[in-house]
Amino acid sequence: MNLSSLSFFRSLRKDNHQFAVIGLGRFGRSVCSTLHNFGYQVLATDIDEKRVSEALTEGIVGHALQLDSTEPAALKEAGIFEFDTVIVAIGNYVQESIITTLNVKEAGVPHVVAKASSEVHRKLLRRVGADHVVFPEYEAGCALARTLTKPAILDRFDLDPDNSIVELIVPDEFHDKTITELQLRNRYGLNLLAVSQDGKFIINPNPTKRLERGSAMVVIGCNKDINRLPI
Numbered sequence: 126m127n128l129s130s131l132s133f134f135r136s137l138r139k140d141n142h143q144f145a146v147i148g149l150g151r152f153g154r155s156v157c158s159t160l161h162n163f164g165y166q167v168l169a170t171d172i173d174e175k176r177v178s179e180a181l182t183e184g185i186v187g188h189a190l191q192l193d194s195t196e197p198a199a200l201k202e203a204g205i206f207e208f209d210t211v212i213v214a215i216g217n218y219v220q221e222s223i224i225t226t227l228n229v230k231e232a233g234v235p236h237v238v239a240k241a242s243s244e245v246h247r248k249l250l251r252r253v254g255a256d257h258v259v260f261p262e263y264e265a266g267c268a269l270a271r272t273l274t275k276p277a278i279l280d281r282f283d284l285d286p287d288n289s290i291v292e293l294i295v296p297d298e299f300h301d302k303t304i305t306e307l308q309l310r311n312r313y314g315l316n317l318l319a320v321s322q323d324g325k326f327i328i329n330p331n332p333t334k335r336l337e338r339g340s341a342m343v344v345i346g347c348n349k350d351i352n353r354l355p356i
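Quick note on numbering: the numbering used here labels position 217 of the sequence shown as 342, and the sequence is numbered without any gaps.
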């Protein structure tokens, strides 16, 4: 798993081993497959019986049911309200997404993650009680723009709108300098978390460690400070 893929999964409760996913489009299928591969119990639902059958046949979930999630009675009968975490992955059908999110929150589900397809959709989902809203298309667009404008940045994990953890190629200006000599905290306001060596990362490297051109480094700090790096 790379840094950017944690954007969604960090929102899930780490002590929870069972998840319900409502909606088996591309996003829902991806969530199901990843959670299933991690060894979690996943119950998936979709209004389309074909999608349900495909999910079961492909083995991306342990259990899948066909139901209309806008009907509270159907959700209750399927046991959805008993889950601690429910992921509403019906991003492209705004009305159904909002009604479903409202249904599971009103039924007392403690943690609801919902997919938004627009900024207005995101605001509405938060209004009806979604605990965490993801916006995959927007996040993918931002990631692509960053890749095109900052090719030296290999990966990025946004902690909040202003701060990030970034993996980047060691700048030429840093080549053959020790971590102490670079003075990243004093010069850039950044903290160095790790550097790569022989295909692996050294966490909290020794201050006498010399950086090499072409290797990678991981820093944490304010986005404005990260943008001042010579990359």
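For each residue, glycine too, the CB sits at the ideal point set by N, CA and C.
Predicted model only: the values in this text are computed from it and were never measured.
- Item | 8 Å Cβ shell around Leu161 - same chain, five flanking residues per side excluded | It should be pointed out that residue 161 corresponds to His in this sequence rather than to Leu. These residues qualify, in order along the chain: Val167, Gly184, Ile185, Val186, Gly187.
- Secondary structure of Gln308, DSSP reduced to three states: Reduced to three states, the DSSP call for Gln308 is coil.
- Item | Contact set for Ala103: own chain, Cβ-Cβ below 6 Å, skip 5 residues either direction | Since the first residue of the chain shown is 126 and the last is 356, residue 103 is not available in this structure.
- Task: Report the option in Pro330, Lys334, Lys325, Ile215 whose CA atom is closest to the CA atom of Leu318.
- Result: Pro330
- Item | Span of the beta strand (DSSP E) around Phe152 | It is not in any beta strand (DSSP E) - Phe152 instead sits in the alpha helix (DSSP H) that spans 151–162.
- Could you have a look at Glu196 and say whether DSSP puts it in helix, strand or coil? coil
- Cα-Cα separation, Leu192 to Lys201: 11 Å
- Query: What are the residues that DSSP puts in a beta bridge with Glu292?
  - Reply: Asp280, Val343
- Excluding sequence positions up to five away, which residues of its chain have a Cβ less than 6 Å from the Cβ of Ser289? Excluding sequence neighbours, Ser289 sits near Arg281, Asp283, Asn348.
- Item | Where Arg251 sits in the DSSP three-state scheme | helix
- For Ser321, does the count of other Cβ atoms within 10 angstroms reach 16, so buried, or fall short, so exposed? By the neighbour-count rule (16 or more Cβ atoms within 10 Å), Ser321 is buried.
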